[in-house]
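In case it helps, our numbering puts the sequence shown at residues 76 to 422.
Ideal placement from N, C-alpha and C gives every residue a C-beta, glycine not left out.
Treat the numbers as computed from the prediction; the structure is a model and nothing was measured.
Encoded as structure tokens, the structure appears first; notes follow it.
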Amino acid sequence: MQRILLATAALTLVAADRDALVAELNQWNKAFGPSYLPTGVDAANTEDLLVRLQAAKDAIAAVSKEQPTATFGIGPFSLYSAKEFQNYLRRSFAPGAALLQDAPRVEDRGVGGANGTLDWSATSCMNPVKDQGKCSSAWVFSTTASVEAAHCIVTGSLLNVSEQDVVSCDRDQLDEGCRGGLEFTAMDWIGKNGICLAKDYPYTSGSDGTNGVCQTTCKKQMLAVEGHAWATGELKLETALLKQPITAAVIAANDAWQHYTSGVVTSCPGNTLDHSVLVVGYGAENGVDYFKVRSSWGAAWGDKGYIKLQRGVGGKGMCNVAEFPIYPKLKGTPMPTTAPVPTKPAC
């Protein structure tokens, strides 16, 4: 009799756990929805989605224990398996990885040590966070955000330029739209050819993951940028940030990035560069120095679209953020009041 009662209680507990998981899945669908499911996953297959959600909860519990200075939770990528998230990211640099071998090596093995807080995202030279969607175009979004900021720094005017123009039309060297590309080749392309405004050439590749056909009817804007430069190593990255935001390639195919919500990431498993971001500043939180980084996964991901990576680790930096930092060269003299002034830490 006792065995029957225990078995019944166990079944009831399992049913209760499932009901709670179903409620969480409903919340995820309300917040994000089928557009955030991996390609090929059936939104009507509830059992599969519940298994995926439980796997995410297990991963979140593990990474939260490993990294107490950051918080992790259910987000837009939570129903991706680790392999699916890895595949989604790693297309971004596949075509141009060889070109990075010609980039400057990280000679500076010192650690970053700038005091105070610097944040370009709090200035009038940065548009709201955007979402690349199903297209592996992070390299485009980090580049456009960097050239928008650079142009604003010189002219005082913030433009909203067209990512679709770069995705569909830039074929310099190995830039291939949703099949991947590199920031510095895109910067050079924009500097030479100009770029359309987003209102004239809206972004569509995020919905279907295809490049689309290059449109040539929109009017190109010539921006106040020319070519590119490197800021390898944490110290050079900190110095370059005093003038403008900096693009960077990072290692992001791990639980920390997939489930990040706030705080400072202090561990970054993996060894393959797979995502392109914009470094917008630095500071310290709860005694941990960080670089503030903008992704292109929308404001629903992370901390309103941003993530903080531990600063002061030296070498290539946390998640390799200091390995290949690149920025567009300014064409002209910066406006005197555009740049944020680093604020001193409280005593």
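Residue 230 and residue 410 have their C-alpha atoms some 7 Å from each other. Counted as a single uninterrupted DSSP element, the alpha helix (DSSP H) harbouring residue 226 occupies residues 213-230. Classified as exposed, residue 297 has fewer than 16 neighbouring CB atoms from the shown chains inside 10 Å of its CB. The Cβ atoms of residue 266 and residue 302 lie closer than 8 Å to each other. Between residue 306 and residue 402, the beta carbon gap of about 6 Å places them in contact (Cβ cut-off 8 Å). At the C-beta level, residue 366 and residue 396 come within 8 Å of one another.
Membership of residue 296 in any alpha helix (DSSP H) is not indicated, and neither H nor E is assigned to it by DSSP. Contact check for residue 268 against residue 235 fails: the beta carbons are separated by 8 Å or more. Shown here, residue 114 sits in coil according to DSSP, grouped into three states, outside any helix or strand.
For secondary structure counted as the beta strand (DSSP E) over 3 or more consecutive residues, the segment 293-359 holds these complete runs in sequence order: 300-305, 321-325 and 335-340. In the pairwise beta carbon analysis, the segment 323-337 is classified as not touching the segment 275-289: fewer than three pairs are separated by under 8 Å. Taking the CA atoms as reference points, residue 321 sits about 18 Å from residue 364.
In the DSSP assignment, residue 364 forms a beta bridge with 359.
Residue 141 and residue 133 have their alpha carbons spaced roughly 13 Å apart. C-alpha of residue 249 to C-alpha of residue 218: approximately 15 Å in a straight line. The segment 374-388 and the segment 340-352 touch, with three or more beta-carbon pairs separated by less than 8 Å. Residue pairing by DSSP places residue 147 opposite 335 in a beta bridge. By the 16-neighbour rule on beta-carbons within 10 angstroms, residue 286 is buried.
Between residue 136 and residue 92, the alpha-carbon positions lie close to 16 Å from each other.
Counted as a single uninterrupted DSSP element, the alpha helix (DSSP H) harbouring residue 161 occupies residues 157-165. Annotated three-state conformation of residue 415 is coil, per DSSP. Contact between residue 194 and residue 415 holds, since their C-beta atoms are separated by about 6 Å, short of 8 Å. Inter-residue distance for residue 353 and residue 369 is about 5 Å (C-alpha atoms, whole angstroms). The C-alpha of residue 213 lies about 23 Å from the C-alpha of residue 106.
Around the Cβ of residue 245, a 10 Å sphere holds 16 or more other Cβ atoms; the residue is buried. If you check the CB distance, residue 284 and residue 404 do not come in under 8 Å. Secondary structure of residue 372 (DSSP, three-state): strand. No Cβ-Cβ contact shorter than 8 Å links residue 299 with residue 394. Under DSSP, residue 402 forms a beta bridge with 304.
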